[in-house]
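These notes concern the structure reproduced below.
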Amino acid sequence: MASLRSLLPYLRRHPAALAGLVLLTLQVAAIVFAPVLSTHSPVEADPLSSLQPPSLEHWFGTDVSGMDIYSRIIHATRINLLISISAVALALALGVPMGLLIGYYRGIVSSLMMRLFDFIQSFPVFVLGMALVSVMGQEIWNVAIVLAVLFTPMFARLIRAEVLSLRERPFISAARCSGATDFSIMFQHILPNALTPAIVQVSISIGMAILLTAGLSFIGAGVRMPTPEWGLMVSSGAQQMILGVWWVSLFPGLAIVLSVLCFALLGDAVKDLSDPTTRTRQ
Amino acid sequence: MTAPDSHAPDSSVLLDVEKLRVAFGDRTVLSDVSFTLRRDEVLGIVGETGAGKSVLARALIDLLPEGGRITGGDVRLSGRSVPSMTPREKRELRGGRIALIGTNAKALLDPVEKVGAQVARVLRAHKGGSRRGAWKAAVDLFARVGIVDPERRAHAYPHELSGGMAQRVVIAMAMIAEPQIVLADDATLGLDATIQVQVLDLLVKRCRDLGLGAVIITHDLGVVANYCDRIAIMRDGRIVELKPAGRFLEKPEAQYSAVLLDAARVRPTPMGAFGTAASAPPKPLLEVEKLEKSFPVGNGKLVRAVDGISFSVAAGETLALVGESGSGKTTAGQCLVRLLDSDGGRILFDGTDTTTLSERGFRPLRRRIQMVFQEPYVALNPRWPVEDLIAEPLGLSPGMDRAARARRVRELLDMVRLPASLAAAYPHQLTAGEQKRIGIARALATGPDFVVFDEPTTALDIRVRAQIIDLVRDLQRDMGLSALFITHDLNSVRSLAHYVAVMRNGKIVEHGETETIFARPAEDYTKALLAAELPIEQSEAQRTRALSRHAMAQA
Amino acid sequence: QNAKSTLVVAGPRTPESLDQEYPPTEAVHELRRNVYERLLAYAPKKGEDGVTYEDFGKIVGALAESWEVGPDMKSITFHLRKGVKSAAGNELNADAVMWSFERGWNLKANFHWYMTQILKITSFESAFSKVDDYTVKVSIPNSSPLIERLWINSDLGMLDAVEIRKHVTADDPWAQRWLATNSASFGPYRVTKYSPGQEIVYEANPDYYRGAPKLKRVIFREMPTSANRVAALQAGSVDVAEYLLPRELVLLEKMPNVKVNKVFGNYIHRVEMNNDTPPFNDVRVRQALNYLVPRDDILKAVYFNTARPTRSPISEIYPGFTDQYFTYTTDVEKAKSLLAEAGFPDGFKTELGYRTGDQLEEEMAVILKSAFARAGVDITLSKLPASTLVERYSKGTIPMYFFRDMAIVPDAAYVANLWLNSASLINYSHFKSDEVDKLIDQALISTDEPKRLEGMKRVQQITVENAPWVFLVNPGYQVATRSNLGGYSWYTPNGNAWFDWTKN
Amino acid sequence: MFGVMLVTFLLVRMLPGDPALLMLGNTATPDSIAALRERLGLDRSIWEQFIAYMGNVLHGDLGVSLFTSNPVTVDLMERAPATLELITYAMILTVIVGVTLAVLSVVHRGGIVDRFSQVYGLAAGAIPDFWVGLLLIFFLFYLAGAVPAPFGRIDAMVSAPPGVTGFYTIDSLIAGDWTAFQSSAGRLLLPVLTLTIVNAGALMKMTKTSFNDIWRSDFIRHQRASGLSQRAIVRSALRNSLPPVITLVGFLFGFLLGAAVLVETIFAWGGLGQYAVQAVINSDYPALQGFVLVAAGFILIVYLVVDILYELADPRIKV
Ligand SMILES: Nc1ncnc2c1ncn2[C@@H]1O[C@H](COP(=O)(O)OP(=O)(O)OP(=O)(O)O)[C@@H](O)[C@H]1O
Ligand SMILES: Nc1ncnc2c1ncn2[C@@H]1O[C@H](COP(=O)(O)OP(=O)(O)OP(=O)(O)O)[C@@H](O)[C@H]1O
Ligand SMILES: [Mg+2]
Ligand SMILES: [Mg+2]
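Chains as they are written, first to last, in our numbering: chain G, -6 to 275; chain E, 33 to 587; chain R, 1096 to 1599; chain A, 70 to 388.
Structure below.
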């Protein structure tokens, strides 16, 4: 990983990475200072001022229940990122050891696990997520767990593929020759090398998780009203869109786009930074 | 320049390079390169990695890698300046008048297209004509570049060809549009010596037959000595010396040239001069009996990589295992250190049959048997710093504290002649030679009795190779190591091994003392192997030819 | 020509089944109104707004040309209209009616429920008899004030026995499989195409006893999203859009070529509380919540004045309705003190369920959440698939839930029995008052009309005071059409009767 | 496939909500509930239910939808063409857009297309499809009025062409019904555009990566050094990036099936996706089971086809 000192010039050369970092900072700020940044309560309905277009009072307008969209977007950052990041963290925590084990020890159990992963992944992600959330109930944590279940195979496969290719690499033979045990080969030699693609994937997955959470909420299989959540907010304006009320869906949708974009940009940067060949060529 | 014919604008000059400068960004990689190439002349360009040879070749057809620009000078083909040609003319030039042959022929061929079609495609790009006619021309040419059964081979895909065969296809591709000049950039790198000779013979012969100009770019002074009329030595983007081959070999002028030539000529100090006397056969440290190892390859077939070989190595002795690529050398070596489980036979190390031991049971022996791996970079974990890499095998000798380890690491760095400052570096920050040394330091860390050296010198630059050979020889002497020395490079065998075993198709075809084998090879295969080694001397034929040409030029 | 006689309707849902015995849903009610014909009907009456309503005071014959009610209201004899033909061309006679009764009785669903629960019939044989080919008699054990009115109910249509019997099989003696996707009755229309979830096509019955319908063909398309129905109506690709949101109706009213028919009907939309479980077993808590509801805001911002506040458990248009006992205003202080008395000075946490896809309930839920929060009552909103919601409230495992319903028999006692009788299966709020139960039971068998009405007044008083529900609104019924449509009529099941409609 | 069946069965069976209760609604009596449960087989043990289910599936009987009262097989068959038509067109357009952009941006590196593709590649992966759908509705339907009302496959006033392929566009052409063709093609526009905008970016990025590797590979450089024309070189590079693109397209097909769930909901498409959403909302077990089975089966078939095509496209795979 890059030290801080090499990070600055890198950022100067890569405005995209800089943009990602700025977006991330904005989101962190939104998470930390939500109460200060917002102008209204994110869950207080004010029926008499429903569906107001953007104005000085309501920067992004109000939704059908008269809640302030701007304030809701700010507060939603917490929920959305909480769900996505914890889902990915969980998936990583489960998927990495699984991938390592089934990649390193090949046997019936491993191939059974692979079948299972194939199976989970052969469904359209979204449909499976939808079904799972409705089985488990619409709680924030359930959404996170479901996403983790969906992402675990991805990480496990990724790590497994890396392990499979790494274990054939001569430096593993060399290590064995130097007396490394299975344990140290797995954790000291293979894991650190296999982790880089997983870390890049983390960033992408967080983006995917944000999109999926939003999608689930959009069809009503995600978090519950009136929790400020971007997908739910888009959905609450979906009906109105065709009648020309654009602000209810537009702004939270933009928030989703920017947030996912942020993680995509960071992912690219991480990939760049962790690849020694691209770094030295700079 | 020393060549007498460098200025004259005479009609036999095909290519005239004048003060050519190429830069990548603000880094100049070629400066003031000038030379000419005449009809029916073979020019050799030699230089170490990064000297700018490939950049030069590509600059000649104005097809530099992205980011590279010609910043000065000119390349003239029959008087026409190449850089100022229109794109269309350049396209016709490339492959049509100057053909380029690169390294690793398999990678140069379109993997999803039949090779015959690929060659035909080039012909049609330059000469037009019908698909069928071009195909026929390609097949004819295949026959002439020594491809047996050309009609069938033309229908093959690149992955179905061997390396040598693929190289012939690429040569055919270069020749098909009847260019005036052929550029061969490390065209035979990575091929077996025997194949290399065949390919080069073929290439040079065709150039001579057709009276083409050829530029052979290589690391190997043996190649230029045997095939080229003139030699250019490159270093850091400059030509430091350019003269007829014979004169160069006799008396290089530039100091760098002399160093290069010396390193390439490291002549073996026969082992007898310093090694243990081969008089009283000592008790063998390692005995291998009828070792067998096969690999399954797809549809149930087996490749017998090692097919019943037997040999023994006594304490303090070195056995060299030589043979062409794929003959099973690495496999044999890996069986010894138990990276592969053998399928049959016995391996007795110091009296213990290691083939019957479990992995756990073998672990104590690892301290005594070590291996140096073939490719230096990939055998090092890219995420570990040098000190950890070297310290890893020390885990085999229990009871070492931190300080002791650190001390040992420094000792080892010193032993392989690396500065202690490298301890914190990562493998990708090292040169190939340094990486190789780290590999050796790792193998020596536990003070083993027996080391398998897998190709310690291949893929290294001339000077670095000489240094590694010196290092290994010193270590053998100082530590009294026994070693199995696996290699392609017959030169180094003579410097390092007491005995030689020649492998072919998994079997040992000849086995004996080094000097004996080199002097009087018994088997045809061994003879062929030895013949393929290109001495750094001008052959008789070359010399006469050079003389006659010189006379011609004088006339 | 074709365009004039064809009607394209966009609705949220196609009927789930065409069988008469399928549970009544909104879509099913509309189907029955157009396909199945009953024995009796209310006389039509023109309202001031030009809409044709039912005159609850005047019953007329439908398939029965005339009828007599026996002494003590313990029996009723129907004289069938002669020459009435089903959509398949079969003639109506006593056999068809008897077979319809028999099928309903044996399938133990809708028909059976009315007969046993309302008319208290215990045995088929002693209750139903064929007098002659065109006369049928129904006798009941106790007298019932509903013995006439019940037969107007749209769940009690008469089937074309001849047609249906053709599809009877050994394992399906009542042709349930066939009738689930086919229609056979004496109504103005029959179903010629039925693709559940997509569309249903009605074709006029030229032999309908009131004359051939003016609209020969009605195509009903399912469009679950109301905004899409609005856009379709606007674009002229449908003639009628049902069940739109009030907000959308406001928008449509401003458009040329579109008109909105609005009536104040019998729907009641409320939040029910589980009166059995704490904290809702304390009447003060229930009252407090009623004091917290911002009814005016809801009427304005959610319903855009297409609804009226609920001021009684009885539908406002039914005889016997009174709102004189209703005292709840929006009064946070009062609510707080009631909660404090009940031992919740800081409020409490609870859960409120509403149906997936119900935009209005969601909007109201959000408003209620904010409103209740003013007294510290923190509600979690659970959007639940309809089936889950039904399951949870019928098992009593959800403390609060939205409930929208209508009682299609315009009789206060019938309505009260449905929702307030502690013995009623759909009294999901578990409201129990011995006095109410007694008054209802009396009213169900009493034939003394003034006394019944008196009792029902008392029932409304007790109920409003006990506040088993959070009273919200009576939403009315609206349907938006292209402006070239006329003849709109309203019946208690709310479904549209295409027979009455005209297209210019 | 057995596994698929078991898991879908269990999964779907765990959905909350008692369908019997829901179906009967407010007037349910314990008697009628019991009768209905018995009819639906809900009263038996879960294993008995599964075994019965298995047997039925093998006979092509996926049960009867609790909501439409139709056999699930019939429902699915009725809706499948809608979804297939949608995703097939989306697929074709996505591939055309994605691959063209990828090739252009690699060949003319640093050009306008390249710069556009970089921005688009980043953005496309970040845009939720449902949002794009809504924006398209707002801009193209509400503001510009350029497209017909965005719901359903065909105008409610126009009757669907007689079914041959199930694709309205093709069927209406076969029937020579120009109005129906216009109407159905117009309706396809927005959903197909939505799916394309969202997915072409990802396809483009991945195609670009593999095409770029090939474009910079030794053999392409060698072809240039051999004086082949740009056209021939692009063709050869494209031919080489075919195998990875085929794999991607396979994935994409599966992915589109999932994406269709949201897009169909927005555009009231009446296909499998919308059916699935309704099945979840209504606890319609047999319908959801049927959908999941069909989706898994469909994807298996797609992967199979991908494998075959892959082999055809890459001589190195052949045994
Ligand atoms: N694409 C490129 N971008 C930047 N620098 C380059 C590029 N290609 C070559 N160089 C630089 O040009 C110099 C000469 O490289 P070149 O490939 O010609 O060496 P070479 O003599 O062919 O070496 P080798 O024997 O290893 O093939 C090197 O310093 C290299 O770093
Ligand atoms: N893991 C393996 N699986 C299948 N075949 C193998 C494997 N390793 C080696 N082989 C085959 O065994 C034969 C001997 O290989 P080996 O690597 O020992 O040759 P070598 O003499 O070391 O060649 P080189 O000089 O190229 O290193 C070759 O034909 C090779 O293809
Ligand atoms: Mg080179
Ligand atoms: Mg080897």
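Virtual Cβ for every residue (Gly too), placed ideally from N, Cα, C. In this text, all values refer to a predicted model and were calculated from it rather than measured experimentally.
Give the straight-line distance between the Cα atoms of residue i and residue j, rounded to the nearest whole angstrom.
i       : j       : result
S77/G   : F199/A  : 19 Å
F210/A  : P217/A  : 7 Å
L15/E   : L170/A  : Residue 15/E cannot be examined here, being either before or after the span of chain E that is shown, 33 to 587.
T1483/R : S1489/R : 10 Å
R1499/R : V375/A  : 52 Å
H1174/R : E1220/R : 20 Å
K1598/R : A137/G  : 54 Å
S42/G   : L1102/R : 38 Å
I102/E  : Q287/E  : 29 Å
V484/E  : G172/G  : 15 Å
N139/A  : V133/A  : 5 Å
A22/G   : E1428/R : 39 Å
I192/G  : A204/E  : 47 Å
G179/A  : S186/A  : 10 Å
N1370/R : L331/A  : 40 Å
I1171/R : W1200/R : 18 Å
H543/E  : L380/E  : 19 Å
M1253/R : A1507/R : 26 Å
E98/E   : V176/A  : 13 Å
D265/G  : R437/E  : 35 Å
L1340/R : Q1454/R : 8 Å
Hey, residue i and residue j are a contact pair by Cβ (cut 8 Å); roughly how many whole angstroms apart?
i      : j      : result
G340/E : E324/E : 6 Å
V54/E  : L92/E  : At roughly 11 Å, the Cβ-Cβ gap does not stay under 8 Å, so V54/E and L92/E are not in contact.
I133/E : D217/E : 7 Å
Mind listing the chain A neighbours of residue i? Cutoff is C-beta to C-beta under 7 Å, in chain order.
i      : result
W281/G : Residue coverage of chain G in this structure runs from -6 to 275, which leaves residue 281/G outside it and unanswerable.
Residues of chain E with CB under 7 Å from residue i, in chain order?
i      : result
H291/A : G134, L140
What residues of chain A sit near residue i, judged by a beta carbon separation below 9 Å?
i      : result
M226/G : Near M226/G there are no residues of chain A at all, since even the closest Cβ is about 11 Å away, more than 9 Å.
What in chain G is Cβ-close to residue i, meaning under 9 Å?
i       : result
E547/E  : The premise fails here: E547/E is roughly 32 Å from chain G at the closest Cβ pair, so nothing lies under 9 Å.
L1476/R : R217, M218, P219, T220
Just to confirm, does residue i get its C-beta within under 7 Å of one of the non-hydrogen atoms of ligand 6?
i      : result
T152/A : The model on display carries ligand 1, ligand 2, ligand 3 and ligand 4 but not ligand 6.
Cβ closer than 7 Å: which chain G residues qualify as neighbours of residue i?
i      : result
G195/A : Per the sequence shown, residue 195/A should be read as Ala rather than Gly. In chain order: G200, V250, V253, L254, A257.
So which residues of chain A does residue i contact, with C-beta pairs closer than 8 Å?
i      : result
R126/E : R293, A294, S295, G296
Examine the Cβ distances between the segment 59 to 75 of chain G and the segment 210 to 225 of chain G and report whether three or more of them are shorter than 8 Å. yes
Determine contact between the segment 339 to 354 of chain A and the segment 1323 to 1335 of chain R, defined as no fewer than three beta-carbon pairs at a distance below 8 Å. no
How about the segment 344 to 351 of chain E and the segment 507 to 516 of chain E: do they share at least three Cβ pairs that are nearer than 8 Å? yes
Beta carbon shell of ligand 4 at less than 7 Å from a heavy atom: K361/E, T362/E, Q406/E, D486/E, E487/E, I518/E
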